[in-house]
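Numbering follows numbering that gives the first Met the number 0, in which position 5 of the sequence shown is assigned residue number 4; successive positions increment by one, without gaps.
Beta carbons: idealized from backbone N, C-alpha and C, even for Gly.
What you are looking at is a predicted structure, and each value in this text was computed from that prediction instead of being measured.
Data first, discussion second: the structure below is written as structure tokens.
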Amino acid sequence: MDSIWKRRSIRKYEDRPVEREKLERILRAGMQSPTAKDSRCWEFLVVTGPEARQAVSEMSEYAMCAAKAAALIIPLANLQRVDPAEDWWVQDLAAATQTMLLQIEEEGLGATWLGMYPRKARTDALRAYFQLPEHIMPFAVIALGYKAREKEPEDRWDPEKVHWERY
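Here it is in structure tokens:
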């Protein structure tokens, strides 16, 4: 559970690339996540170019760190692989995103989850910039890189928020 306890949102990165092998292990971890009806509806866009990272950093007021990240991973939902009457893909992509954040910590890197879906302006901006087909929905952006500084773990345990048997 070390990765769970140590993982923090990191928004400042060293100016050096992340090795492809580490990126692939992070992506493999994401693909180990559970999906509703085993749809495996995820796809991932890996972005390392400075122009694209800068463009993404301007797609949300909270995404500035994307410009200085070594890489971005954009989890995508292939809507052709899901039941159109159900939105389970949102949970599928959230699980994959969290699993990748834990693997990023395992790799000695830092990251932050930048929310894009369900904000239409953000998802439309990602779709337009990366020329995504209509059936591909961008879910989030994970900005990652080597940590510029460590953040101390934070114990978030709050027994007042735990209810046993009934609320």
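- [ ] Indicate whether Ser38 and Trp88 have their beta-carbon atoms separated by less than 9 Å.
- [x] In this structure, Trp88 lies closer than 9 Å to Ser38 by Cβ.
- [ ] May I ask you to list the residues that DSSP assigns as paired with Tyr12?
- [x] Beta-bridge partners of Tyr12 (DSSP): Lys146.
- [ ] Grab the span of the beta strand (DSSP E) containing Val45 for me, first residue to last.
- [x] Taken as a continuous stretch (DSSP letters only), the beta strand (DSSP E) holding Val45 covers Trp41 to Val46.
TODO: Keeping to the same chain, check which residues put their C-beta closer than 7 Å to that of Ile3; ignore five residues upstream and five downstream.
DONE: Leaving aside the five residues that flank Ile3 on each side, the residues in its chain whose CB is nearer than 7 Å to its CB run, in chain order, Leu101.
Task: Bridge-paired residues (DSSP) for Val140 - done: Residue pairing by DSSP places Val140 opposite Leu113 in a beta bridge.
TODO: Measure the C-alpha to C-alpha separation of Glu159 and Ala93 and round it to an integer number of angstroms.
DONE: When only Cα atoms are considered, Glu159 and Ala93 end up about 26 Å apart.
- [ ] Taking Leu71 as part of the alpha helix (DSSP H), name the residues at either end of that continuous run.
- [x] No alpha helix (DSSP H) contains Leu71, which is instead part of the beta strand (DSSP E) from Ala70 to Asn77.
Open item on the list: The alpha helix (DSSP H) that contains Ser56, what's its start and end?
Closed with: Ser56 -> alpha helix (DSSP H) spans Pro49 to Ser56.
TODO: Leaving out five residues on either side along the sequence, give the residues of the same chain with a beta carbon under 6 Å from the beta carbon of Ala66.
DONE: So the qualifying residues of the chain are Arg52, Gln53 and Ser56.
Open item on the list: Please classify Trp163 as buried or exposed, where buried requires at least 16 other C-beta atoms within 10 Å of its C-beta.
Closed with: In the assembly as shown, Trp163 is an exposed residue. Its beta-carbon has fewer than 16 other beta-carbons within 10 Å.
- [ ] For Ala142, count neighbouring C-beta atoms within 10 Å of its own C-beta (all shown protein chains included) and say buried if the count is 16 or more, exposed if not.
- [x] For Ala142, the number of other beta carbons within 10 angstroms of its own is at least 16, and it is reported as buried.
- [ ] Could you work out which residue in Asp82, Ile25 and Tyr116 is closest to Ile72 when comparing CA atoms only?
- [x] Checking every option, the nearest Cα to that of Ile72 belongs to Ile25.
- [ ] Taking only the alpha-carbon atoms, compute the straight-line gap between Ala76 and Asp157 and give it to the nearest angstrom.
- [x] Computed Cα separation, rounded: 34 Å.
Open item on the list: Going by C-alpha to C-alpha distance, which of Pro137, Tyr166 and Ser8 sits closest to Phe43?
Closed with: Comparing Cα-Cα distances from Phe43 to each of Pro137, Tyr166 and Ser8, the minimum goes to Pro137.
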